[in-house]
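S.K.: Numbered by my numbering, the letters in the sequence shown go through residues 15 to 403 in order.
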Amino acid sequence: MKTLNVAIIGTKFMGKAHSNAWLNSPRFFDMGIKPVMKLACGQNEEELKAFAETWGWEETETDWKKVIENDDIDIVDISVPTYLHHEMAVAAAKAGKHIFCEKPFALTTAEAKEMYEEAEKAGIVHYLNHNYRRAPAVRLAKKLIEEDFVGRIFHWRGAYLQDWIVDPEFPLTWHLRADRAGAGPHYDLNSHSVDLARYLVGEINSISALTTTFIKERPLPGAGAATFSAGSGEATEMGEVTVDDASFMLAEFENGAIGSFEASRFAPGRKNFNYFEIYGSKGSIVFNLERMNELQLFQRDDPAFAQGFRTILATEAGEHDYIANWWPPGHMIGYEHEFHHGVVDFMEAIEKGTKIEPSFYDGLREIEILEAGLQSSAKGEKVDTTPSK
Ligand code: SOE
Numbered sequence: 015m016k017t018l019n020v021a022i023i024g025t026k027f028m029g030k031a032h033s034n035a036w037l038n039s040p041r042f043f044d045m046g047i048k049p050v051m052k053l054a055c056g057q058n059e060e061e062l063k064a065f066a067e068t069w070g071w072e073e074t075e076t077d078w079k080k081v082i083e084n085d086d087i088d089i090v091d092i093s094v095p096t097y098l099h100h101e102m103a104v105a106a107a108k109a110g111k112h113i114f115c116e117k118p119f120a121l122t123t124a125e126a127k128e129m130y131e132e133a134e135k136a137g138i139v140h141y142l143n144h145n146y147r148r149a150p151a152v153r154l155a156k157k158l159i160e161e162d163f164v165g166r167i168f169h170w171r172g173a174y175l176q177d178w179i180v181d182p183e184f185p186l187t188w189h190l191r192a193d194r195a196g197a198g199p200h201y202d203l204n205s206h207s208v209d210l211a212r213y214l215v216g217e218i219n220s221i222s223a224l225t226t227t228f229i230k231e232r233p234l235p236g237a238g239a240a241t242f243s244a245g246s247g248e249a250t251e252m253g254e255v256t257v258d259d260a261s262f263m264l265a266e267f268e269n270g271a272i273g274s275f276e277a278s279r280f281a282p283g284r285k286n287f288n289y290f291e292i293y294g295s296k297g298s299i300v301f302n303l304e305r306m307n308e309l310q311l312f313q314r315d316d317p318a319f320a321q322g323f324r325t326i327l328a329t330e331a332g333e334h335d336y337i338a339n340w341w342p343p344g345h346m347i348g349y350e351h352e353f354h355h356g357v358v359d360f361m362e363a364i365e366k367g368t369k370i371e372p373s374f375y376d377g378l379r380e381i382e383i384l385e386a387g388l389q390s391s392a393k394g395e396k397v398d399t400t401p402s403k
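1. Take I383 and list the residues in its own chain whose beta-carbon comes closer than 7 Å to its own, dropping the five residues that flank it on each side.
2. Please report the residue range of the alpha helix (DSSP H) in which A277 lies.
3. Any heavy atom of the ligand SOE closer than 7 Å to the beta-carbon of D193?
4. Have a look at E395 and N288 and give me their C-alpha separation to the nearest angstrom.
5. With DSSP as the reference, label W170 as helix, strand or coil.
6. What residue does the alpha helix (DSSP H) around E371 start on, and which one ends it?
7. If you compare alpha carbons, which of I167, W341, K369, H206 is closest to E330?
8. Out of A35, E268, K108, A260, which has the shortest C-alpha to C-alpha gap to P401?
9. Which residues does DSSP pair with R232 in a beta bridge?
10. Helix or strand or just coil, what does DSSP make of R324?
11. Assign G46 to one of two classes, buried (16 or more other C-beta atoms within 10 Å of its C-beta) or exposed (fewer than that).
12. Using C-beta distances below 8 Å, list every residue in its chain close to K52, excluding the 5 sequence neighbours before and after it, in chain order.
13. How far does the alpha helix (DSSP H) with E116 in it reach, from first residue to last?
14. Which residues share a DSSP beta bridge with K52?
15. Relative to the ligand SOE, is the shortest distance from any of its heavy atoms to the C-beta of T241 smaller than 7 Å?
16. Please identify the residue among T226, E183, E266, S205 whose C-alpha is closest to the C-alpha of P235.
17. From this set, E350, F43, K230, which residue's C-alpha is nearest A31's C-alpha?
18. So for H334, helix, strand or coil by DSSP?
19. Can we count K117 as close to the ligand SOE, meaning its CB is less than 7 Å from some heavy atom?
20. Kindly give me the distance between the Cβ atoms of M252 and R284, rounded to whole angstroms, as I take these residues to be in contact under 8 Å.
21. Determine the contact status of G387 and S261, defining contact as a CB-CB distance below 8 Å.
22. Can you tell me which of the three DSSP states D88 falls into?
23. Considering only residues of the same chain and omitting the five flanking positions on each side of K240, which have a CB-CB separation below 8 Å?
24. Starting from A260, trace the beta strand (DSSP E) in both directions and tell me its first and last residue.
25. Mark E352 as exposed unless 16 or more other C-beta atoms lie within 10 angstroms of its C-beta, in which case mark it buried.
26. Is any non-hydrogen atom of the ligand SOE found closer than 7 Å to the C-beta of Q176, if you look at the structure I gave you?
27. Which partner residues does V104 have in the DSSP bridge list?
28. Indicate whether L203 and A277 have their beta-carbon atoms separated by less than 8 Å.
29. List the endpoints of the continuous alpha helix (DSSP H) containing I82.
30. Evaluate R324 with the Cβ neighbour count: other Cβ atoms within 10 Å of its Cβ, from every protein chain shown; 16 or more gives buried, anything less gives exposed.
31. With DSSP run on the structure shown, which of helix, strand or coil describes I179?
32. Under the rule that 16 or more other beta-carbon atoms within 10 Å means buried, what is T226, buried or exposed?
33. Does the ligand SOE have even one heavy atom less than 7 Å from the beta-carbon of N34?
34. If you run the structure through DSSP and keep just helix, strand and coil, what is T227?
35. Can you tell me the Cα-Cα spacing of E125 and E59, whole angstroms?
36. Can you give the Cα-Cα distance for A103 and I92, rounded to whole angstroms?
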């Protein structure tokens, strides 16, 4: 069997989610090329060794530049905070490696443009991991739209809400620093919603946005502080929060639809509430990640006495994408399965010499649109985001 060697950079939340997918995808899916988990890279040597042992990475390296220089490596998986994506992706593309990159894509449009152009120039397969596109229920939403169950789309309504920093004592982790994350939920969460909206509804031609920061200073992070975890450190010094805590955006789509996007980390009770509604001339679709195996569908041409939202369980092998490789109908899949689907499709793109979406082009568009949102909020004006041809 043909194999390709993978190196992962990053050992935290996304490092684990990706490692799990690299490890288990070939166990569940027939893959034309099998990924070999060759090399793991992280800063802390002790943590890195434990990580590699847990997930089965054969070797370790603390210098990411050596990973890129390594001729044995065919694929680089970038699972690190956003501010590192640009340098790593450009170097990996120049070295001819295929790239599997976490979102949000980059800090700025200028960075994103270079990443996309270098990847295209190198002729590599480039993938931006917006995992939610690969939930079977989201794929079903796409199919229903393509098969005209929704008709002409009028509205996109997206909300991505969390609550992990409502406590003002939650420390200033990297997600709360503009130099590390680019923006707050406006990038972290809206990037997912913008990706889903572009996938399901179409291109976005203008943005009006309002962002705000509720808590302007926070304690500096101590030991163990990370995404979703305050850690145990007792910090006395405070630091400035340089990103938004919440963002609302309005969008005009190329096809005439209009949309709204809400993103917040200040929505108590909402843990990872990734939700969208699509309304069209023939019907409507509703998805909620917290019930991710289900899709709600309303059809206007159902007889009036039987009209209402129906719940489709997207777990039928052969009918719903990816499911045949997992469990029997109704046995449910979860968050981590989406990452496996990304790995499987990415490896197939390499095998067949095709492209995969979302690609670095979609990453460029995501950052153009989100950066326009920041400008719009700062100026109080609508910003044109029509793609340059
Ligand atoms: C934190 O907000 C986070 O881990 C995001 O960075 C992910 O992309 C999202 O899927 C879950 O929440």
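We treat Cβ as the ideally placed atom computed from N, Cα and C, and that holds for glycine.
M.R.: Reading it off the structure:
1. V208, I218, I221, T399
2. No alpha helix (DSSP H) holds A277; the beta strand (DSSP E) holding it covers 272 to 278.
3. no
4. 27 Å
5. strand
6. It is not in any alpha helix (DSSP H) - E371 carries neither H nor E in the DSSP assignment.
7. W341
8. E268
9. G253
10. strand
11. exposed
12. N19, V20, A21, W71, E72, E73, D86, I87
13. That residue, E116, is in no alpha helix (DSSP H); its beta strand (DSSP E) goes 112 to 116.
14. For K52, which the question treats as bridged, DSSP gives no partner whatsoever.
15. yes
16. E183
17. E350
18. coil
19. yes
20. In fact, because the Cβ distance is near 27 Å, the residues do not count as touching under 8 Å.
21. yes
22. coil
23. It should be pointed out that residue 240 corresponds to Ala in this sequence rather than to Lys. Correct list, in chain order: K26, F27, T187.
24. 260 to 267
25. buried
26. yes
27. Its beta-bridge partners do not exist; DSSP assigns none.
28. yes
29. 78 to 83
30. exposed
31. coil
32. exposed
33. no
34. coil
35. 29 Å
36. 8 Å
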